[in-house]
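Visitor: Take this structure, written in structure tokens, and hold onto it; I'll ask about it next.
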Amino acid sequence: MKTLLFVYASQSGHTRALVMAAAGAAGGEDNVAVRVLPALQAGIDELLACHALVLATPENFGYMAGALKDFLDRTFYPAQGKVAGLPYALIISAGNDGQGALTAIRRIASGYPLHEALPPLLVKGEVTEAALAAAAELGATLAAALSIGAI
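Here's what the structure looks like:
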């Protein structure tokens, strides 16, 4: 059984809604256990136990949420040499363009080093049915790839 870990930060509920759509779709895949944790509750043990990771955040002041940055800060050094190549995907709920958060997360992820398995999902503005469908597709795709060993 492979584990797909979702680590997210959400204040307004937009990012959480996207994560729940992605995790729900991922949960339909055989041989993949889905774990969803708020960033402040996730730690090194969860990171080391997963086979793929989804990081999700709102864009705050052109950057990732502080809670997600905290997760990355707390796990960075303990993860060194233990998660190289771990596949990950990003979900960003943006009030602007999401590029600041995207750039910052990619920069940090390259230091672990993690492998970006799918293009990021950038949702600008309100979370629509189309955005939820795109999140579900990201979750299902990542879980299917994990299940068959493609990532």
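Following our numbering, the numbering of the sequence shown begins with 0 at its first residue and continues without gaps. Backbone N, C-alpha and C define an ideal beta-carbon position, used for all residues, glycine too.
#1: Relative to the alpha-carbon of SER92, which residue among LEU3, ALA16 and LEU4 has its alpha-carbon at the smallest distance?
#2: Secondary structure at SER92, three-state DSSP: helix, strand or coil?
#3: Do the stretch 22-31 and the stretch 129-141 make contact, defined as three or more Cβ pairs closer than 8 Å?
#4: Enumerate in chain order the residues of its own chain whose CB-to-CB distance from LYS81 is below 8 Å, with the five nearest sequence positions on each side excluded.
#5: In terms of residues, what are the limits of the alpha helix (DSSP H) holding LYS68?
#6: Please classify LYS68 as buried or exposed, where buried requires at least 16 neighbouring CB atoms within 10 angstroms.
#7: Just the Cα atoms here: how many angstroms apart are PRO118 and LEU89?
#8: For ALA8 versus THR56, is the C-beta distance shorter than 8 Å?
#9: Where MET63 and LEU52 are concerned, what is the direct C-alpha to C-alpha distance, given to the nearest angstrom?
Guide: The answer reads as follows:
#1: ALA16
#2: strand
#3: yes
#4: LEU47, listed in sequence order.
#5: 65-78 is the span of the alpha helix (DSSP H), which, as asked, contains LYS68.
#6: buried
#7: Answer to the nearest angstrom: the Cα atoms are 8 Å apart.
#8: yes
#9: Each residue's Cα considered, the two are about 16 Å apart.
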